[in-house]
Every structure is written in structure tokens, then in C-alpha cells.
Ligand code: DOR
Ligand code: ZN
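In our numbering, the protein residues as written are -9 to 371.
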């Protein structure tokens, strides 16, 4: 199925005037956290990111995981092939998965881009916590040799910051996972590896925000924020039954947590950036009884961020958050291309369909009615 914009006719009155007066042009955004999968799903979803983002840090939790330079090179090639020419360039920035197979030698080869593809970070998943986390460590502090080498080379550690299992291997309350990680694991990690560059991914709780507001430091300890944790809270996740499209890790939390996230981005902190965590799953996995973790947001991600920044009166902070803070942490310049967003209502009415005919539903789908389904900003075509 060829790429098509999922734009329905605009609704409401006054749209034309709004589009003329409310628009914002920014450097092409940088996605600090993106899942593309492989094969037909990758081919279907990559164009939506490439249209909106110039670069993205690509998550390695594919099956099999990306934990050698060889697999990263192959994966890089597959993504590049799926980028349509019309996107005007999209560079996937590859990462390794912190599995037990990942060696310090591979980290070194990746850091220098030994075979033409560089590795920009190493992602840690707590064993059992989320999609394809079965290769993660139960306790990240066990990965001593790899962490030491990353610290030596300045290779960033990208953290899925949740405790999933306790010392007896019992599952923790999933609403407490991030809180426990912030209270215990993260401080120990930062104490032990004091020079390690760390990114706390997809912050979702007041505890994570408090920690970052106190300890965050440009180039050293940074954090990412998703559009869905800014837009939704758990009242929407449970409205009219449990909403599979919002089922993700970390879970969306209370309204207070969402409000604190909004207050934080309004401050324009240089160590906080956009990481969409767009995580597509085929319809049959998403709407199954054990619905897969992951919010697929790439067709609406930049638009949702713009809407939230507009709602909190902080559009002047949008470009740094979307386009400058992310690349700076990874030692890159912001993209030279630009995109324009305009204030114009629209809705996501269709699924993205793979070339095998499988539907992948974006969050905010009007069909699935999560609330907030009218998007207030859109990408200028
Ligand atoms: O909701 C999530 N989906 N959280 C993750 O950490 C992984 C992701 C995925 O890969 O589906
Ligand atoms: Zn993720």
C-alpha cells in the first residue's frame, strides 16, 4: 500500500482564517526514541516518521534484537530503503540492545562506526517489562563491563526506567515501576558510573520529573517525553473499557503526572527532548486479549506535540524541544530542512495498512474514539 497522508477533510468553521494566522515553521524535528520494526510493518510506518522527522534514534528491540554491528548495518539498510524520496531525507541513528550478548568490543566498533554505520546509544530494557524485553537484564547493574566501556567512550545509555521484577522475581505493580527505578536503580547507576551519559526515556511520573528537574544536565543526564504521556492520562485509558491503543509501557498515569509533564516542558529545559516512542503493532496483536504494549503515534506525533505546546502557551519552546535538544545530546547539529505546522482541525480516520493488508491503528484514531481525536494542528502538506 503506497504511503498516503491520513488526513480527512477539515472540520469546523474558521479553519481557513486559522490556517492563515496560526502556523509555525521549525527545523525538521529529531525523534529521540522510535520503533520501526522490520519487514512489512517497517515499510508501512517509516514514511510517516520520515515526513516529519529528519533523524530518529531507532530502538533495537526487534526480533532478533540488534546487538551486533552486523545486524545494525542490515537494519539500517532496510530502513533507508523504506524512506520515500518525497520525505527529503531521513537518517536512522542506530542503537544496540543491552543483551547478554553485547560485548565491550562491539560497543567500541559501533562507537567509531567501524563499517560505515555508527551506533548512537545502547538501550536497556528491564527483563519482562515490555515488547521483546526477554533479552534484557533483570538488573542493569550486572552489565558491568559494557557499562564501563560505554562510560569510557561517551556512548549514551538509553533507559527504559522501570523496575519490573523484585528480588524474588515477582512482578511489581506496573504503576509503580518508574517510581521504584527512580528511587533506587537510577541513583545507584549514576553513582557507580559517574561519567556515563544517560537518557531517561519516556518520563511518565511526578517522581521522574522531580528527579530530572533536580539532576538533569545537558550532555550528561537527559530525558525524553512522548506525545501520548503529554496528551492522555489513565482516565482516558479506562474510559468505556480498557483502551488498547493507549496500552503502553510506561503506562499512562494520573492527570497530576500529565500536568507536571506539561509544566516541565513549558520550562524549556535544555536536557528535555521529544522522543515519540511510536511503537506500531498489527491490529490482531493490539486488539488481542493480551494487547501488545505500544502507542503508534508517528502519523500524529509532531502534531500532538504542537497542540500541547499551544494549549500551555509555550509554542516558543517547541522548536528547541522537537529539533535542537535531542541532536545536541547525541553530538549532532539540528536538521537544516524545515517543516511547517498549521493550526487546522483534522482527524485520523484510517489505519495505516501494510503491503500485506494488515491494519496498524494510530493513537487518536477517531474510529476508536479515545477522546482528543480532533487534532488541532497539522503538518502543512
Ligand atoms: O509501549 C511500549 N512499546 N513500550 C516499550 O518500552 C516498547 C514498545 C514496543 O516496542 O512496542
Ligand atoms: Zn520505546
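Positions of the beta carbon are idealized from the N, C-alpha and C atoms, including for glycine.
For residue i, is the beta carbon positioned less than 7 Å from some heavy atom of the ligand ZN?
i: residue 264; result: no
i: residue 21; result: no
i: residue 218; result: no
i: residue 296; result: no
i: residue 154; result: no
i: residue 234; result: no
i: residue 271; result: no
i: residue 25; result: yes
If you drop the 5 nearest sequence neighbours on each side, which residues of the same chain put their C-beta closer than 6 Å to that of residue i?
i: residue 275; result: 282
i: residue 364; result: 335 and 337
i: residue 325; result: 17, 18 and 44
i: residue 302; result: 252 and 256
i: residue 322; result: none
i: residue 202; result: 213
i: residue 271; result: 282 and 284
Any heavy atom of the ligand DOR closer than 7 Å to the beta-carbon of residue i?
i: residue 239; result: yes
i: residue 57; result: no
i: residue 51; result: yes
i: residue 89; result: no
i: residue 126; result: no
i: residue 163; result: no
i: residue 282; result: yes
i: residue 358; result: no
Out of the options, which has the shortest C-alpha to C-alpha gap to residue i?
i: residue 237; options: 317, 64, 222 and 302; result: 222
i: residue 77; options: 57, 101, 39 and 62; result: 39
i: residue 313; options: 328, 300, 69 and 299; result: 328
i: residue 163; options: 239, 28 and 317; result: 239
i: residue 128; options: 117, 136, 137 and 135; result: 117
i: residue 154; options: 175, 144, 143 and 142; result: 175
i: residue 56; options: 36, 34, 100 and 21; result: 100
i: residue 145; options: 64, 88 and 82; result: 88
i: residue 82; options: 317, 359, 330 and 353; result: 317
Is residue i helix, strand or coil when you go by DSSP?
i: residue 117; result: coil
i: residue 255; result: helix
i: residue 2; result: With a pLDDT of only 41 at residue 2, under 50, the local geometry of the prediction cannot be trusted, and no value is derived from it.
i: residue 138; result: helix
i: residue 337; result: strand
i: residue 349; result: strand
i: residue 263; result: strand
i: residue 213; result: strand
i: residue 283; result: coil
i: residue 218; result: helix
i: residue 358; result: helix
i: residue 332; result: strand
i: residue 7; result: Any reading at residue 7 must be qualified, since the residue scores a pLDDT of 39, below 50, and its modelled position is unreliable; no value is offered.
i: residue 160; result: coil
i: residue 294; result: helix
i: residue 228; result: coil
i: residue 319; result: helix
i: residue 13; result: strand
Might you give, ordered along the chain, the residues of its own chain that have their beta carbon closer than 7 Å to the beta carbon of residue i, omitting 5 neighbours on each side?
i: residue 169; result: 195 and 197
i: residue 0; result: Summary for residue 0: the model assigns pLDDT 43, below 50, so the residue's position carries little reliability, and this model does not support an answer.
i: residue 227; result: 233, 236 and 242
i: residue 250; result: 196 and 199
Once you ignore the five residues that flank residue i on each side, which residues in its own chain have a CB closer than 8 Å to its CB?
i: residue 273; result: 341, 348, 349, 350 and 351
i: residue 345; result: -9, 30, 33 and 34
i: residue 225; result: 245
Is residue i close to the ligand NAP? I mean its beta-carbon at under 7 Å from any heavy atom of the ligand.
i: residue 120; result: The ligand NAP is absent from the structure shown, which contains only the ligand DOR and the ligand ZN.
Contact the region 106 to 117 vs the region 135 to 152: 3+ CB pairs below 8 Å: yes
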